[in-house]
Amino acid sequence: MRARPSPRRLLRTSVALTAAGSVVLSPLAPVLAESTPAPPPSLISVGTADGFVRIEISERQGRVALRRTGNQVVVRVPGTQPPDISRLRVDRPAALAGVTRTPVAGGHEIVLTLAEGAGVRLGRADGVAYVNLHHSAPPPEAQTRVPVRIEATDDRLDLGFDFTTPTPAAVFRRGPAVWIVFDTPARLDLGPRVSADQPTGPASDIRWAGGEGYVAVRISAPETLAVSARQDGQGWSVRIGGPREGATGVSLARDDLNGPTALVAQMAGASRTLWLTDPLIGDRFAAVPAVGPVKGLGARRQLVDLTLLPSAHGLALEARRDDLSIVAAGDLVRVSRPGGLALSSPVDALSQASGLDELPARARLPALILESWADTGHGSFLARYRQLQDAAAREADMAASNPRAPVEARLALARFLVGSQLGFEAIGVLNALMQSQPGLGGEAEIRGLRGAARAMIGRFGEAQSDFAASALSGDPSASVWRGYIAAHQRDWTAARQGFVAGARTLDDFPPIWRARFGTAHAEAAIETGDLNAARTLLAYVFSQDIAPAEQLRARLVQARLFELSSEPDRALAVYRAVGRAPLDALATPARMNVVRLELARGTLTPDQAVQHLEPLRWRWRGDATELAVIRTLGGIYLAQGRYREALDALRSAGARLPNLPEAVGLQQDLATAFRALFLEGGADGLQPVQALALFYDFRELTPVGAEGDDMVRRLARRLIDVDLLDAASELLQHQVDNRLEGVARAQVATDLATVYVMNREPEQALQALWSSRTTLLPAALNSRRRAIEARALMDLSRYEHALEVLGTDTSAEAQDVRAEVLWRQQAWADAARIYEARLAERWRQSESLNADEEARLLRAGIGYVLSGDGAAVARLGGRYGALIAGARQSAAMRIVFEGGEPLRGQDVSQLAARTETFTGWVNAMKSALRARLESPSRG
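Going by the numbering used here, the letters in the sequence shown line up with residues 49 to 987, in that order.
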């Protein structure tokens, strides 16, 4: 007699079984009673209930270590058998944010990352270690009660589900069970299990359970019985038994064009992927319900990574890999893995052509080119071409009516064209083939042939996409092409990696491609500093039986090697020899290097070098050679001070060839030249108008940020110096409107307002100041802004407003403006006192007065005269008597300070005209602007 299990053991087993996944089939006691073969014992069991998850890890292989670190629980399982965590990965409990497994010494570690708000308890009992997780579950969805109709005969069972809204469903067979899954949170009016006394026909057991947003029914029925489904209005009818009806409406296709190889099922109205657990077997599978009308997959399809189950409606899959992804989106269900599915080649499913033994044979590797492909036999090239073209045309006509028609003749034509270096024609044939049969897009040979054809005509970006296809991911012949493409894209490290990865296939290519690959690899070795490898590779190239053009291409690389090996004479000799070749693609770079070396030696003057390079600039265009010639020419122009020619040359090529790697260096040359001109003083030797014209013609080169702003302000300062105030204000206005924010904008706006006042445009000055107001400006800047604003208001005759703006500011600039306002208001005494105060104790110094000081002294004297303050006039005359004698306006000063007769009105007008202070203020502002622009910090 078998011992009765302990209550604790029964409880633990029940918890694990009652929540074994997203679907729970209840009651579970009959499951324990059924005599089904026990599956191999698993190291890990998972049970779930509302808000609770229990994970049990068997200790039959040794003691399991449990520890918690922060929000992670680390489970160390001993033994060589990796624990199966697919259940936790595919249907991760809400209490877990992530699950990973890592091999360690003596076993494996499973890391459970807890979700926010999850609680955990660790322990062991009855030979297992356990992790109990609890998590607040979301409120349950409202469930609709759905009546279920059951009609049974001895050989047939009919079920009707009377939904009141359209409901996605999946009906399929899985071994001895029929599953019916509805994608809606419904409660079936069926009871948890059909009672024993209710007739079920050929079925032996019916039970249902609800999951998160769906409900599932499992019916045990013999595998010999057919299953069919029918949509009844909003509801569904399912029949088990009766005649077989082949389900259709779900088509399968291979997808290699949108990432790793995937299987795409086209099923209209697919809803989502639901992962279910079979309570009898314990494994998991997926169902994808769909809305009506009925559509299904008639037969079982077994693949390496998954099995497609036969369905009466919807889709069902068994996963054979932990990382299988099933995504339903609209009418498509995409099944994939991170590294791609293992699917057979689409060519294998096509009919085999007959009678084509004479066609170019398939290479052993998909990206390999065979020398025999270009063989024309005993006839001419045209005869061979027409033969293959006719065979391909007949095959294409056959494919128009038969999707399983062979493709060998069209592939043979493509091989012949690739082997004959006719890349454009080969691409046309391959594109037409892929257009007529899209499933061939993932065929390795087709992607390899098209990639090779694209590479040989210089479409390296397109070729790169072909060789990046998952079908070619591990192919060594494709690696050689990747290295070749990377070399032409100037990615030297990737080029060397590609060539090294495919080195063992290099000798399988025709001699011409061995030479081309070897030359490109040698150039990559030179650019990465491996000169010894470059010498070996070039020796390999020269050993090939190749055309003179390929020899010359390798000689160019050899000349570069001589340069880096400190052998300039040998390099120059090789460049001269290649430069005499009647091939512009090779002669142009060779002649450019001759000019470069002779210019460095001093055997050519810059003018002579320009005469040699200008024709080369137009002789070969459209690739890196053109950019190299233009960069060399631009450098000579800059060294000669021919700035416009240099910038024109550099800009022209960069705009036309922006995608070439060398274009980055050319753009850097442009930026460096522009910076040297307008930031480092290179353009200071030009007239301001010429500098302005040059700047406007190339203003798109102005760098973003502080350097660009400094360029504009320096140029504006030069324009101000020569009174080109309109042009200066336009430059500064652009800065204020488009490039600056905050304090920097307020600083430049203050300079702009100053220029506007100097140009007699007070309204624009006020607009510049008022539109750039901001908080937390430096005190010195605020004082300048007040003085400029007050001066602009004064020019508009708004004297009281100007004085109000100045307030209590006693800075020198504010005092000058205040005195000017008072003078215009004819407040003579107040103005005179400010002018005298601005002179301070200048009378104690023996140096002659400058123009500003003479104007202040005259205005102070006239003000005192007009206000009747004779004592003040006498005081000034006594103090400044010695300086008046040597002043520029000594006659006027003697009239004011030494005249014995009262001044007449006419005299006052003439003297006041001589004391104009605006010109002095303009000069002072120019000096101040110059000082600020040349200072590293502005304020």
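Ideal placement from N, C-alpha and C gives every residue a C-beta, glycine not left out.
Beta-carbon separation (whole angstroms), residue i vs residue j, contact threshold 8 Å
i, j, result
"Asp-717", "Gly-689", "That belief does not hold up - the Cβ atoms of Asp-717 and Gly-689 are roughly 16 Å apart, past 8 Å."
"Leu-497", "Ala-474", "7 Å"
"Ala-840", "Pro-810", "4 Å"
"Arg-881", "Glu-902", "With 8 Å as the limit, Arg-881 and Glu-902 do not qualify as a contact, their Cβ atoms being about 18 Å apart."
"Asp-174", "Val-194", "Wrong, their Cβ atoms sit about 41 Å apart, outside the cutoff."
"Arg-833", "Thr-858", "Not quite, the Cβ-Cβ distance comes to about 16 Å (not below 8 Å), so this is no contact."
"Trp-668", "Asp-632", "5 Å"
"Asp-555", "Pro-414", "Between Pro-414 and Asp-555 the Cβ distance is about 18 Å, and since that is not below 8 Å, they are no contact."
"Arg-368", "Asp-353", "5 Å"
"Val-528", "Gly-550", "4 Å"
"Ala-635", "Val-626", "7 Å"
Boundaries (first-last residue) of the alpha helix (DSSP H) holding residue i
i, result
"Val-548", "540 to 549"
"Trp-876", "876 to 887"
"Gln-483", "471 to 484"
"Gln-512", "508 to 515"
"Ala-251", "No alpha helix (DSSP H) contains Ala-251, which DSSP labels as neither H nor E."
"Asp-900", "899 to 914"
"Arg-679", "672 to 687"
"Arg-942", "938 to 946"
"Ala-97", "No alpha helix (DSSP H) contains Ala-97, which is instead part of the beta strand (DSSP E) from 92 to 97."
"Gly-317", "From DSSP, Gly-317 is part of no alpha helix (DSSP H); its letter is neither H nor E."
Three-state secondary structure assigned by DSSP to residue i
i, result
"Val-298", "coil"
"Gln-437", "helix"
"His-660", "helix"
"Gln-109", "coil"
"Gly-730", "helix"
"Leu-459", "helix"
"Ser-518", "helix"
"Leu-430", "helix"
"Asp-771", "coil"
"Thr-720", "helix"
"Leu-114", "strand"
"Leu-698", "helix"
"Ala-453", "coil"
"Ile-505", "coil"
"Phe-16", "Not covered by the structure: residue 16. The range shown for the chain is 49 to 987."
"Pro-126", "strand"
"Ile-417", "coil"
"Ala-264", "strand"
Cβ neighbour criterion (16 or more within 10 Å) applied to residue i
i, result
"Ser-276", "buried"
"Trp-876", "buried"
"Ser-896", "exposed"
"Asn-580", "exposed"
"Arg-761", "buried"
"Ala-77", "With a pLDDT of only 29 at Ala-77, under the threshold of 50, the placement of this residue in the model should not be trusted; the figure read from the coordinates follows. Exposed is the call here."
"Asp-379", "exposed"
"Asp-445", "exposed"
"Ser-525", "buried"
"Leu-675", "buried"
"Phe-472", "exposed"
"Leu-773", "buried"
"Ser-985", "Because the pLDDT of Ser-985 is 43, which lies under 50, any placement of that residue in the model is unreliable, and the number read from its coordinates should be weighed accordingly. Per the 10 Å Cβ criterion, exposed."
"Glu-837", "buried"
"Ala-68", "Note that Ala-68 has pLDDT 32, beneath the 50 cutoff, so the model's placement of it is unreliable and no number is given."
"Phe-515", "buried"
"Leu-609", "buried"
"Val-121", "buried"
"Arg-255", "buried"
The beta strand (DSSP E) enclosing residue i, as first and last residue numbers
i, result
"Arg-235", "234 to 237"
"Gly-223", "First-last for Gly-223: undefined, no H or E at that position."
"Leu-311", "310 to 314"
"Ala-277", "275 to 280"
For this session: Could you pull out every unbroken alpha helix (DSSP H) segment of at least 4 residues lying fully inside the region 129 to 214, listed in chain order?
Result: With a minimum length of 4 residues, the continuous alpha helix (DSSP H) runs that stay inside the region 129 to 214 are 134 to 138.
Exercise. Can you list the alpha helix (DSSP H) stretches of 4 or more residues lying completely in the region 783 to 871, in chain order?
Worked result: 790 to 806, 810 to 818, 827 to 843 and 847 to 854
For this session: Kindly provide the ranges of any alpha helix (DSSP H) runs that are 4 or more residues long and lie completely inside the region 595 to 640, ordered along the chain.
Result: Complete alpha helix (DSSP H) runs here, min 4: 596 to 612 and 616 to 627.
Problem set entry | beta strand (DSSP E) segments (min. 3 residues) lying fully within the region 324 to 387 | 332 to 336, 354 to 356, 359 to 361, 363 to 367, 373 to 377 and 380 to 384
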